[in-house]
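Peer 1:
Chains as they are written, first to last, in full-length UniProt numbering: chain A, 1 to 166; chain B, 1 to 487.
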């Protein structure tokens, strides 16, 4: 039952992402037999150093989704203050409301079952545009973003170009 | 098993001429499971979710998923009107959708026949008739340009409609036009607004009087009745009034007050599996209470056997899975709190030390020794820069807080981080207890009693079980709370 709730809801979300996709985002299960692992493609937002890049990411859903949030991990390299070096994304919408790993996020920003894959991906897109250096997952990137912005942007652009095979 | 369901969702309407129904349908769906509401329940903050969805979330987080106001499952109330809306909508959904789709096809055919003019100007030139031109212009102005349905062939349709002189026709009335196609067959009969049966116009008034008072014997012609199986409005809510409640709701229990064996006995008494660790038993009991209580809410309750089947499905998927990962607690199954606390312990300790030093420096009062830790000699500048290297985000914040706050608060700050970090689960439980205690027992049970009378869903049985969890949460006699349950 519970797992049915999860897979049913995931299928619903998949369908609505197919019929009514938000701009710059595409997502769906890697394999339709397992609805709990998704792959998403996110376009780098315009006007940011990530512009022009396409960032593949993997979403892993818990069996009790939507009670608990999925985990999101970028598959390629991405230099960003809120992305761990292993690609894991650290934003408040992906944190369950019961705990507060950084001890300052307001509950209203965190995961709740009324959020959705679409909202997560939109949040990640805006995270790319506006890094949050108050809770850096990648401290080096955060420092560079804060102190040496030009160098940061250069590094990001290089990464984007590399990922596109240019 | 996705194949078993028809994965209908609100976006089905978007490519049809009835795209306006998409938001209507999504408001008839639960935001948690994204399905149509099953036994909709309203929280005390007036948000509505399926009974099982909200019960599961409340037992995990104790908050409303929408606004995160603290709430309790005993305060949930039925939302009859919504249940009725969903029931009536789902009955006619398929035919409505089929009709919308066929309407779209016929429109497309029309469009190809008339060669679908690309510019309005062309249409005007090709139609010398004055009325037609006027209606075309008004129509195209009202057509929302931003609607992302390129397949909607607006202009040709309008020209045809304009023969009826419909100058004011716009998108909405166009949709209405389609609905009317089914609901208002041109048979010279009129539909009763109450029961939708069709009859001659001269009969309608006398029928309506009787229909409203509930005994309609007017002979009516049912042949054109658009939806004979649709129940008359109000049936769900009012049919339930006299339904006797055989099932009492189960109370939650304070698991920390029970030993493993006492909990095992409780599970056995309830007739559900009693194996596994205490944590598994606790989660199983929580799930069972949710399933059971949601079933009590339901208009069409299922048997205990079916509930046990659902519990088994839960056991096979979630129950076992969570045990393997060995995480603890209601909250944050994926958050490795233990590890986090371990990693951050040095930071917390440093913060405590720092704050103590500051206080000691400021007041020159000897620092109290707590937890057997000895304060180090004051060296504030050094420690701060040292920490900033290690964990800039956290310390940055904490330092600011320390600097800006008055000295008395600094003392509080020293205690706060470790408490939060060390035992997140326990603290949430304590919070819950505090929340429970802030609502005085008697008052709240009186108010629930009154409102449950109003809702007519849970007459006297409701109060007994409403009161019970409060008692058990406060630590008074968890035993009697279970006497309410008879298998």
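Cβ atoms here follow ideal geometry from the backbone N, Cα and C, with glycine treated the same way.
1. Starting from residue 5(A), find everything on chain B with Cβ-Cβ shorter than 9 Å and list it in chain order.
2. Going along the stretch 66-81 of chain B in order, which residues come within less than 7 Å of chain D, judged by CB to CB distance?
3. Per the DSSP calculation, residue 38(A) is bridged to which residue(s)?
4. Quick one: is residue 37(A) buried, meaning 16 or more other Cβ sit within 10 Å of its Cβ, or exposed?
5. Which residues bound the alpha helix (DSSP H) around residue 143(A)?
6. Buried or exposed: where does residue 28(A) fall if 16 or more other Cβ atoms within 10 Å of its Cβ makes it buried?
7. Given that residue 13(A) touches chain B, what residues does it touch there, using C-beta distances under 8 Å?
8. With a CB to CB cut of under 7 Å and the five nearest residues on each side skipped, what residues in its chain are close to residue 116(A)?
9. In chain A, which residues lie less than 7 Å from residue 279(B) when you measure between Cβ atoms?
10. Please compile the residues from chain B whose C-beta is within a distance smaller than 9 Å of the C-beta of residue 19(A).
11. Mark residue 9(B) as exposed unless 16 or more other C-beta atoms lie within 10 angstroms of its C-beta, in which case mark it buried.
12. Just to make sure I have the definition right: I need the residues of chain B whose C-beta is within less than 7 Å of the C-beta of residue 16(A). Which are they?
13. Can you tell which of 44(B), 12(B), 48(B) has the C-alpha that lies nearest to the C-alpha of residue 29(B)?
14. Quick one, which residues of the stretch 64-93 of chain A are near chain B if we go by CB-CB under 9 Å, in chain order?
15. How about residue 42(A): is its C-beta nearer than 9 Å to some C-beta of chain B?
16. DSSP on residue 54(A), reduced to helix/strand/coil?
17. Determine the DSSP secondary structure at residue 259(B), reduced to helix, strand or coil.
18. Nearest to residue 77(B) by alpha carbon, out of 67(B), 90(B), 43(B)?
19. Would you say residue 126(A) reaches chain B, if we count a Cβ-Cβ gap shorter than 9 Å as a contact?
20. For residue 109(B) and residue 25(B), what's the separation of their Cα atoms in angstroms?
21. Quick one: is residue 407(B) buried, meaning 16 or more other Cβ sit within 10 Å of its Cβ, or exposed?
22. One question on the structure: do residue 72(A) and residue 51(A) come within less than 9 Å of each other, judged by their Cβ atoms?
23. For the beta strand (DSSP E) containing residue 40(B), name the first residue and the last one.
24. My understanding is that residue 40(B) touches residue 82(B), with C-beta atoms under 8 Å, so please give their C-beta distance in whole angstroms.
25. Residues in the same chain with beta-carbon distance under 6 Å from residue 49(A), minus the five sequence neighbours each way, listed in chain order, please.
26. Alpha carbon to alpha carbon, how far is residue 6(A) from residue 87(A)? Give it in angstroms, no decimals.
27. Does chain B have any CB closer than 9 Å to the CB of residue 154(A)?
28. Thinking C-alpha only, which one of 111(A), 79(A), 144(A) is nearest residue 159(A)?
29. Given a threshold of 16 other Cβ atoms within 10 Å of its Cβ, counted over all protein chains shown, does residue 270(B) qualify as buried or as exposed?
30. Using 9 Å as the threshold, is the C-beta distance between residue 9(A) and residue 33(B) below it?
31. Identify, in the order they occur along the chain, each residue of the same chain with its Cβ nearer than 6 Å to the Cβ of residue 259(B), setting aside the five sequence neighbours on each side.
32. Less than 9 Å between the C-beta atoms of residue 19(A) and residue 14(B), yes or no?
33. Measure the Cβ-Cβ separation of residue 59(B) and residue 348(B) and say whether it is below 9 Å.
34. Quick one: what does DSSP say residue 74(B) is sitting in, helix, strand or coil?
35. Taking DSSP as the reference, what is the three-state secondary structure of residue 83(B)?
Peer 2: Put simply:
1. 32, 33, 35, 52, 53, 56
2. Absent here is chain D; the protein component of the structure consists of chains A and B.
3. 29(A), 59(A)
4. exposed
5. 139-147
6. buried
7. 34
8. 13
9. Neighbours of residue 279(B) on chain A: none; closest Cβ ~15 Å, over 7 Å.
10. 9, 11, 12, 14, 15
11. buried
12. 9, 11
13. 48(B)
14. 64, 66, 67, 68, 69, 71
15. no
16. strand
17. coil
18. 43(B)
19. no
20. 28 Å
21. For residue 407(B), the predicted model reports a pLDDT of 43, less than 50, meaning its position is unreliable; a value from the coordinates is still stated below. Residue 407(B) comes out exposed.
22. no
23. 40-42
24. 4 Å
25. 153, 156, 157
26. 25 Å
27. no
28. 79(A)
29. buried
30. yes
31. none
32. yes
33. no
34. helix
35. helix
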